[in-house]
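Asks: Residue numbers (numbering that gives the first Met the number 0), protein chains in the order written: chain Z, 0 to 186; chain B, 0 to 186. One structure coming up, written as structure tokens, with questions to follow.
There are 2 protein chains.
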Amino acid sequence: MDISEVRERIVVTADELYNAKGIQAVGMDELRSAAGVSLKKLYGEFPSKSSIVMAVLEHRHQSWTEGLDATVQQARTPRDRLLAIFDYLAGWFCQDSFRGCGFINSFAELGAVSPEVAEYARKHKESFQEYVGRLALEAGAPAYLAPQLAILAEGAQTTAAIAGTSDAAGQARQAAEVLIDAALPAD
Amino acid sequence: MDISEVRERIVVTADELYNAKGIQAVGMDELRSAAGVSLKKLYGEFPSKSSIVMAVLEHRHQSWTEGLDATVQQARTPRDRLLAIFDYLAGWFCQDSFRGCGFINSFAELGAVSPEVAEYARKHKESFQEYVGRLALEAGAPAYLAPQLAILAEGAQTTAAIAGTSDAAGQARQAAEVLIDAALPAD
DNA sequence: TTGCATTGAGAACGAACGTTCTCTACTATG
DNA sequence: CATAGTAGAGAACGTTCGTTCTCAATGCAA
Numbered sequence: 000m001d002i003s004e005v006r007e008r009i010v011v012t013a014d015e016l017y018n019a020k021g022i023q024a025v026g027m028d029e030l031r032s033a034a035g036v037s038l039k040k041l042y043g044e045f046p047s048k049s050s051i052v053m054a055v056l057e058h059r060h061q062s063w064t065e066g067l068d069a070t071v072q073q074a075r076t077p078r079d080r081l082l083a084i085f086d087y088l089a090g091w092f093c094q095d096s097f098r099g100c101g102f103i104n105s106f107a108e109l110g111a112v113s114p115e116v117a118e119y120a121r122k123h124k125e126s127f128q129e130y131v132g133r134l135a136l137e138a139g140a141p142a143y144l145a146p147q148l149a150i151l152a153e154g155a156q157t158t159a160a161i162a163g164t165s166d167a168a169g170q171a172r173q174a175a176e177v178l179i180d181a182a183l184p185a186d
Numbered sequence: 000m001d002i003s004e005v006r007e008r009i010v011v012t013a014d015e016l017y018n019a020k021g022i023q024a025v026g027m028d029e030l031r032s033a034a035g036v037s038l039k040k041l042y043g044e045f046p047s048k049s050s051i052v053m054a055v056l057e058h059r060h061q062s063w064t065e066g067l068d069a070t071v072q073q074a075r076t077p078r079d080r081l082l083a084i085f086d087y088l089a090g091w092f093c094q095d096s097f098r099g100c101g102f103i104n105s106f107a108e109l110g111a112v113s114p115e116v117a118e119y120a121r122k123h124k125e126s127f128q129e130y131v132g133r134l135a136l137e138a139g140a141p142a143y144l145a146p147q148l149a150i151l152a153e154g155a156q157t158t159a160a161i162a163g164t165s166d167a168a169g170q171a172r173q174a175a176e177v178l179i180d181a182a183l184p185a186d
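This is the structure:
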């Protein structure tokens with residue numbers, strides 16, 4: 000078994016557990032047994048729990064960004080690509096494992112106590128805002144539109160997480176449609 | 000010193016500490032010394048930490064709701080009352096102590112592990128949605144507007160918290176204006 | 001086969017936490 | 001003044017957690 004396979008299995012398992020129960024609620028022993036590795040191997044791959052947390056955040060960022068972009072690229076027009084953001088959210092919210100945005104959650108849990116985590120969450124959200132900004136630019140929208148759509152997406156995530164339903168995705172999508180049509184030059 | 004004074008002081012202190020550092024990062028001893036009470040008194044007033052957490056959530060709900068309504072009631076027209084929600088957020092985000100919505104944070108921290116906390120966060124958000132719904136009804140808006148505005152407000156909170164700026168309040172307010180004007184019968 | 005390096009299982013350790021207990025000092029009443 | 005009850009300070013307890021250590025088992029080279 001490859002070394003990087005072990006790393007990946009640890010990170011993927013930790014991602015699932017941290018998402019399901021919260022980071023602080025999952026001990027190293029639970030992670031160890033869920034990932035099927037020895038404690039020695041765990042600490043051979045990662046020097047500490049917080050380094051696993053950071054690796055999980057990187058993993059989350061990558062898979063979330065890729066999933067979003069995959070959905071967005073299926074849309075044909077710039078306008079539809081902006082709306083596709085909310086289609087991606089809708090699919091995400093319907094998953095049983097959905098428990099809210101992992102970056103919002105980790106920021107809430109550890110942001111006040113771990114500058115690394117807070118900074119990574121900030122960067123993730125910043126990268127999302129830039130992504131929306133690029134899509135909006137391609138749609139010929141004014142600069143103020145992208146932050147508005149990003150805020151809608153953020154709100155949909157927390158609303159869906161706490162309410163336990165996926166309604167917020169559709170509601171945010173409809174709001175986005177109004178905002179986009181108000182911002183785009185009529186054509 | 001009145002018994003209820005002690006309770007209140009404990010709750011207020013716990014609210015501040017939990018907000019600043021996260022619930023799990025604040026131990027009973029830190030709370031005890033910050034509130035200036037003995038451990039015996041602490042456990043005389045509350046049977047456990049989780050009961051303090053629930054009392055803090057109730058306190059947060061009440062002060063947040065009252066603060067919001069106070070700002071909203073200063074506005075004269077129904078439309079301005081809807082927009083006043085975002086003025087309240089703007090003022091809140093500028094406070095040094097602002098670290099995001101306490102209900103989102105406590106849900107992220109404990110929601111997966113404590114059904115009480117998850118349920119209380121759900122109820123708080125539900126109550127906010129109903130509040131927005133009443134304001135929207137008074138403005139003569141269609142039913143779909145209120146959830147849209149609520150999602151904007153949620154998104155502004157998490158965006159402001161993670162980004163560390165208060166920009167999101169103004170951005171959300173402008174989006175709200177567009178949504179309101181699109182939804183309200185022209186007059 | 002013998003000896004050495006590596007690995008896994010889990011015991012052990014130190015710290016932190018929630019909670020309870022002990023002991024001392026003080027207060028109030030007879 | 002004497003005494004019973006109360007309250008505060010903090011020691012103590014049991015548990016959990018992150019991390020390290022021990023030791024036996026395994027695989028491999030000579």
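Cβ coordinates follow ideal geometry from the N, Cα and C atoms, glycine included.
Assign residue 167(Z) to one of two classes, buried (16 or more other C-beta atoms within 10 Å of its C-beta) or exposed (fewer than that).
Replies: Taking the first residue of the first sequence as position 1, residue 167(Z) is located at position 168. Result: buried.
Asks: Consider the Cβ of residue 0(B): report whether some Cβ of chain Z lies at a distance smaller than 7 Å.
Replies: Residue 0(B) sits at position 1 when you count from the first residue of the second sequence. The pLDDT assigned to residue 0(B) is 45, lower than 50, so where the model puts this residue is not dependable; a value taken from the coordinates is nonetheless given after this. Not closer than 7 Å to any Cβ of chain Z, the Cβ of residue 0(B) fails to qualify, so no.
Asks: Pick out the complete beta strand (DSSP E) segments inside the region 98-174 of chain Z, 3 residues or longer, and give them in chain order.
Replies: DSSP runs (the beta strand (DSSP E)) wholly in the region 98-174 of chain Z: none.
Asks: Check each residue of the region 143-163 of chain Z: if its Cβ is closer than 8 Å to any Cβ of chain B, include it; give the result in chain order.
Replies: Residues passing the 8 Å Cβ filter: 143, 146, 147, 149, 150, 151, 152, 153, 154, 155, 156, 157, 158, 160, 161, 162, 163.
Asks: Between which two residues does the alpha helix (DSSP H) harbouring residue 83(Z) extend?
Replies: Indexing the first sequence from 1 puts residue 83(Z) at position 84. 77-93 is the extent of the alpha helix (DSSP H) around residue 83(Z).
Asks: Near residue 21(Z), what residues of its chain come up, given a Cβ to Cβ distance below 8 Å and the 5 sequence neighbours on each side ignored?
Replies: Working through the first sequence from its first residue, we reach residue 21(Z) at position 22. The residues are 104, 108.
Asks: Taking C-alpha atoms, which residue in 157(Z), 12(Z), 178(Z), 180(Z) lies nearest to residue 209(Z)?
Replies: Lying before the first or after the last residue shown, residue 209(Z) is absent from chain Z, which here runs from 0 to 186.
Asks: Just to make sure I have the definition right: I need the residues of chain B whose C-beta is within less than 8 Å of the C-beta of residue 121(Z). Which are they?
Replies: Here residue 121(Z) corresponds to residue number 122 of the first sequence, with the count starting at 1. Ordered by position in chain B, the residues that pass the 8 Å Cβ test against residue 121(Z) are 161, 162, 163.
Asks: Please identify, using Cβ separations under 7 Å, the residues of the region 16-38 of chain Z that lie next to chain B, in order along the chain.
Replies: Within the region 16-38 of chain Z, the qualifying residues are 19, 20, 21, 23, 24.
Asks: Would you mind reading off the limits of the alpha helix (DSSP H) that contains residue 71(B)?
Replies: Along the second sequence, one-based indexing puts residue 71(B) at 72. 48-72 is the span of the alpha helix (DSSP H), which, as asked, contains residue 71(B).
Asks: Secondary structure at residue 9(B), three-state DSSP: helix, strand or coil?
Replies: Against the second sequence, residue 9(B) aligns to sequence position 10. Correct three-state label for residue 9(B): helix.
Asks: Alpha carbon to alpha carbon, how far is residue 40(Z) from residue 92(B)?
Replies: Reading the first sequence from its first residue, position 41 is the one you call residue 40(Z). Reading the second sequence from its first residue, position 93 is the one you call residue 92(B). Answer to the nearest angstrom: the Cα atoms are 44 Å apart.
Asks: Helix, strand or coil for residue 96(B)? Go by DSSP, reduced to three states.
Replies: Here residue 96(B) corresponds to residue number 97 of the second sequence, with the count starting at 1. If DSSP states are grouped into helix, strand and coil, residue 96(B) belongs with coil.
Asks: Do residue 74(B) and residue 80(B) count as a contact pair if the criterion is CB distance below 7 Å?
Replies: As a first step, residue 80(B) is located in the second sequence; it is residue number 81 there, counting from the start. As a first step, residue 74(B) is located in the second sequence; it is residue number 75 there, counting from the start. Yes.
Asks: Indicate whether at least one CB of chain Z lies closer than 7 Å to the CB of residue 82(B).
Replies: Reading the second sequence from its first residue, position 83 is the one you call residue 82(B). No - not a single Cβ of chain Z is within 7 Å of the one on residue 82(B).
Asks: What's the C-alpha gap between residue 175(B) and residue 148(B)?
Replies: Locating residue 175(B) in the second sequence gives position 176, counting from the first residue. Locating residue 148(B) in the second sequence gives position 149, counting from the first residue. Near 6 Å, if we compare the C-alpha coordinates of residue 148(B) and residue 175(B).
Asks: Short of 7 Å in beta carbon distance, which residues of its chain neighbour residue 117(Z), apart from the five on each side in sequence? Order them along the chain.
Replies: Here the question's residue 117(Z) lines up with position 118 in the first sequence. Once the five neighbours on either side are set aside, the close Cβ partners of residue 117(Z) are 106, 110.
Asks: Buried or exposed for residue 37(Z), going by 16 or more other Cβ atoms inside 10 Å?
Replies: One-based indexing of the first sequence puts residue 37(Z) at position 38. With fewer than 16 Cβ atoms within 10 Å of its Cβ, residue 37(Z) is classed as exposed.
Asks: Look at the alpha carbon of residue 58(B) and the alpha carbon of residue 5(B), and state the distance between them as a whole number of angstroms.
Replies: Within the second sequence, residue 58(B) is the residue found at index 59, counting from 1. Within the second sequence, residue 5(B) is the residue found at index 6, counting from 1. For residue 58(B) and residue 5(B), the distance between alpha carbons rounds to 14 Å.
Asks: From 159(Z), 127(Z), 135(Z), pick the residue whose C-alpha is nearest to that of residue 187(Z); which is it?
Replies: This structure does not reach residue 187(Z), given that chain Z is present from 0 up to 186, and the question cannot be answered.
Asks: Give the secondary structure of residue 36(B) by DSSP, where H, G and I count as helix, E and B as strand, and everything else as coil.
Replies: For the purposes of this step, residue 36(B) is taken as the residue at position 37 of the second sequence. In this structure, residue 36(B) counts as coil in the three-state DSSP scheme.
Asks: Which residues of the region 100-127 of chain B have a Cβ closer than 9 Å to any Cβ of chain Z? Give them in chain order.
Replies: Going along the region 100-127 of chain B in chain order, one finds 100, 102, 103, 104, 105, 106, 107, 108, 109, 110, 111, 112, 117, 120, 121, 123, 124, 125 with a Cβ nearer than 9 Å to chain Z.
Asks: Is it buried or exposed for residue 87(B), if we count other Cβ within 10 angstroms and need 16 for buried?
Replies: If you number the second sequence from 1, residue 87(B) lands on position 88. Buried, since its Cβ has 16 or more Cβ neighbours within 10 Å.
Asks: Could you have a look at residue 43(B) and say whether DSSP puts it in helix, strand or coil?
Replies: Translated into the one-based positions of the second sequence, residue 43(B) becomes position 44. Residue 43(B) falls in the helix class under three-state DSSP.
Asks: Give the single residue among 43(Z), 3(Z), 178(Z), 14(Z) whose Cα lies nearest to the Cα of residue 138(Z).
Replies: Within the first sequence, the letter at position 139 stands for residue 138(Z). Nearest of 43(Z), 3(Z), 178(Z), 14(Z) to residue 138(Z), Cα basis: 178(Z).
Asks: Can you give me the C-alpha to C-alpha distance between residue 85(B) and residue 152(B), rounded to a whole angstrom?
Replies: Counting from 1 along the second sequence, the entry for residue 85(B) is found at position 86. Counting from 1 along the second sequence, the entry for residue 152(B) is found at position 153. Computed Cα separation, rounded: 7 Å.
Asks: Looking only at its own chain, which residues have a Cβ that is under 8 Å from the Cβ of residue 82(Z), when we skip the five neighbours before and after it?
Replies: For the purposes of this step, residue 82(Z) is taken as residue 83 along the first sequence, with counting starting at 1. Answer for residue 82(Z): 74, 172, 175, 176, 179, listed in chain order.
Asks: How many angstroms separate the CA atom of residue 12(Z) from the CA atom of residue 29(Z)?
Replies: In the first sequence, counting from the first residue as 1, residue 12(Z) sits at position 13. In the first sequence, counting from the first residue as 1, residue 29(Z) sits at position 30. Roughly 10 Å between the two C-alpha positions.
Asks: Around the Cβ of residue 78(B), are there at least 16 other Cβ atoms within 10 angstroms (buried) or fewer (exposed)?
Replies: Sequence index remark: in the second sequence, residue 78(B) carries index 79 (1-based). By the 10 Å Cβ count, residue 78(B) comes out buried.
Asks: Residue 136(B) touches chain Z at which residues, Cβ-Cβ below 8 Å?
Replies: Taking the second sequence and counting its residues from 1, the one referred to as residue 136(B) is at position 137. Those within 8 Å of residue 136(B) in chain Z number zero; the least Cβ separation is about 17 Å.
Asks: In three-state DSSP terms, what is residue 179(B)?
Replies: The count along the second sequence starts at 1 and reaches residue 179(B) at position 180. Of the three classes helix, strand and coil, the one that applies to residue 179(B) here is helix, per DSSP.
Asks: Mind listing which residues of the region 166-181 of chain B have their C-beta closer than 8 Å to chain Z's C-betas, in chain order?
Replies: Residues 166, 167, 170, 171, 173, 174, 177, 178, 181.
Asks: Can you grab the Cα-Cα spacing for the pair residue 0(Z) / residue 60(Z), in whole Å?
Replies: For this step, residue 0(Z) is matched to residue 1 along the first sequence. For this step, residue 60(Z) is matched to residue 61 along the first sequence. Reliability of the predicted coordinates at residue 0(Z) is poor, the pLDDT of 45 falling under 50, and the value obtained from them is presented with this limitation in mind. Approximately 26 Å between the Cα atoms of the pair.
Asks: Just to confirm before moving on: does the CB-CB distance between residue 25(Z) and residue 17(Z) stay below 7 Å?
Replies: Indexing the first sequence from 1 puts residue 25(Z) at position 26. Indexing the first sequence from 1 puts residue 17(Z) at position 18. Yes, these two residues count as a Cβ contact at 7 Å.
Asks: Using Cβ-Cβ distances below 8 Å, what residues of the region 45-66 of chain B are close to chain Z?
Replies: From the region 45-66 of chain B, no residue has a Cβ closer than 8 Å to chain Z.
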